[in-house]
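First up is the structure itself, then whatever we jot down about it.
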C-alpha cells in the first residue's frame, strides 16, 4: 500500500487505511452520526465489518476474537451512548488483559465540551480502564494514533486502548503519512528478565520441599504453555491453573491439581496453603484465589514473575521478583534448572495426589430424574471434538465449566474473569467463531446471562456464524441464590427468573434465525448435543432444563481464609498433617 503515502485522504479514509496496514481483517460495530464518515470507506475495504445489534456485543465479540486468536480485537461505535455502551467490554478487557482497540466517533471538535447532541467524554470515562486513551481532533493525527494504539494494546501487559476521533477530523483531508517510528515516552515494557533474578529463583526452587507452580492468565497471553510444560517435566513440581489459565497444562496431567480459589479444587487450594514455595507466573494474586490475604500461603516463600512490575508485591510480599515476559522467563528458568537438581518433592507430590484423588469435583444426582447442570456441561465436553473452543458466561455455570469441561489445550477456554461480566458469553462466542471458523465453538451460558446479550444471535444468523449455545436453565440467578441459601437463611429476594415459562428459549432462538432445542432428561440431553454438533449452517441454541438447587462446591466463603474451604454445605476436607 506504499503507493498511498502522500495521497490526499479524508480522515475516514486514513483511518481505514491505517487499520488495513495494522493487519485488521475483521471489526465489530454499529454506525451512527459521529462515526458515519468512517463507514463510507469501510464499505470498499478488505476489512470484514460485522454489524452487531448492540455496542456491548461489539466489544465482547472483539474480546472473544482476541482471546482465541492472540490478535488485537477491534470494535467501532459512534459518540455518546454508542461509546458508553462499550464501557463494560473495555473494563472487562482491562481486567483480563485482553488486547482491544476501541474506535469511537466524537462530535465536531469545536463542539466538544458544549454538551452537544450525543456528546460524551468517553476518553475521560474510560481513562481508568484503558492502557491509554486518544482524542484525535486533527486529520493528520489519525495514522499515528492508530499505530500507537495497536502497539500499546498488544505489547507488554496487553489491554484495551481507546481512539476517539472528532467528526470533523474524519471529514477533513490531508496527505496520508504513515509513521515509520513511534515515540512513547515512559512506555518501555521490560520483556527480558534479569538473569541474576532467574538464577536466584532456580536455586530457591531446587532447595524447596513443597513447591507449587501458581499459573495465571499471563501464561495464556504469553503463549507460554510449551515452556511451562518443559519446566513441569524437568522439575516435577505440582501445578495449579487459575480460571484464566485453564488448559495451559492439560487437566489430564498427573501434576495438575486443578483450579485454585473460592471455587477451586481441594488439592489446588491445599497446595497453595501448605506450600513452602510459590512460583507465581503471570498472575496477580486475585482475591478470589487468595481468600483472606494475611492467611494465604502462610509458609511459602514467593517467586513472582510478571511483565507488569506494578503487580509484583501489590497484594503479596515477594522474595524474588522477576519482571519480564513470562515466556522468556520460563525459557531462562528452564535453562537455569539444567545445572541444578530438581526439588526433592516426592513426598509432597504423593500427598497432593492423595488429596486430588479423594476430593475430585463431583455432584449429587438431581431429584426426580432431572438433569444435573454439571452432568450437562461434562457431557458437552465429552461429545464435542477435541479441538473445540468453550466460552462461558458468569456464575455457577462458569465454575462448573471450569471444573468439568476438558481443559486440555491452551486458548480453548474463554471467560470473563476479573470483571465477572454477565452477558459476555454469546457475543464472545461469536467473536471466537469468527477467529476460528473451522472449530466447534460452544458457549456455556446461564438463563440469566443469556437474556442480557442474546440479540447477537441475530448477528450470527445473518452473518453465517454457526455458534452453539448451551443455556443451563435453572430458572434462577444461580450464584446469587447459592449465597442466599448459605448466608441469608434461604431468603430468595429477587433471584427467581421464572424462566420455566418465559421466555420460551427454543422459540426465541428460532425467531432469531437459529435452531432451538430443549432437553429435560439424560436421553434428550445426549440427543440434543449430538444434533447441535451436526448442524453447522446456522447457530444452535440448546436449553438444558436443570434443577435450581445445585450448588458449586468446593467453596471458600468470601473474606475468610482458604483453610475454611468446604466440599459441601457442612463438610470440610480432612486436612491431615501427615498428608499435607
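In my numbering, the protein residues as written are 124 to 703.
Glycine included, each C-beta is placed from N, C-alpha and C at the ideal position.
Checking the DSSP bridge columns, you'll see residue 364 partnered with 338. Cβ contact annotation for residue 529 (same chain, cutoff 6 Å, sequence separation greater than five): 504, in chain order.
With 16 or more other CB atoms across the displayed protein chains lying within 10 angstroms of its CB, residue 212 is buried. In this structure, the alpha-carbon of residue 499 lies about 29 Å from that of residue 586. Counting of Cβ neighbours within 10 angstroms places residue 140 among the buried residues, the total reaching 16 or more. Leaving aside the five residues that flank residue 633 on each side, the residues in its chain whose CB is nearer than 6 Å to its CB run, in chain order, 639.
Within the same chain, 198, 209, 212 come within 6 Å of residue 182 by CB-CB distance, once the 5 residues on both sides are set aside. Pairing residue 364 with residue 231, the inter-Cα distance amounts to about 48 Å.
With contacts defined as CB atoms closer than 8 Å, residue 343 and residue 533 qualify as a contacting pair. For residue 685, the three-state secondary structure derived from DSSP is helix.
Of 268, 518, 536, 554, the smallest CA-CA separation from residue 573 is found for 518.
Contact annotation: the stretch 293-300 does not touch the stretch 317-329, with fewer than three C-beta pairs closer than 8 Å. Excluding residues up to 5 positions away in sequence, 246, 249, 250, 285 lie with their Cβ nearer than 6 Å to the Cβ of residue 256 in the same chain. Of the residues 238, 185, 694, the one whose Cα lies closest to the Cα of residue 147 is 185.
Of the residues 591, 642, 672, the one whose Cα lies closest to the Cα of residue 607 is 672. Remark: C-beta atoms of residue 283 and residue 253 approach each other more closely than 8 Å. Apart from the 5 residues on each side of it in sequence, residue 390 sits with its Cβ closer than 7 Å to the Cβ of 380, 381, 475, 478, 479, 482 in its chain, given in chain order.
Annotation: the continuous alpha helix (DSSP H) that includes residue 656 extends over 645-657. Note on geometry: alpha-carbon atoms of residue 687 and residue 441 lie some 24 Å from one another.
In terms of CA proximity to residue 399, 337 leads the group 355, 349, 378, 337. By the Cβ-count criterion, residue 237 is exposed, with fewer than 16 other Cβ atoms from all chains shown falling within 10 Å of its own Cβ. Residue 486 has its alpha-carbon roughly 12 Å from the corresponding atom of residue 670. For residue 229, no alpha helix (DSSP H) encloses it; the enclosing beta strand (DSSP E) starts and ends at 223-229.
Residue state for residue 331 is assigned as coil, using DSSP reduced to three classes. Between the stretch 611-621 and the stretch 554-563 there are fewer than three inter-stretch CB-CB distances shorter than 8 Å, so the stretches are not counted as touching. Within the stretch 538-581, the complete alpha helix (DSSP H) runs of at least 4 residues fall at 548-558, 570-576.
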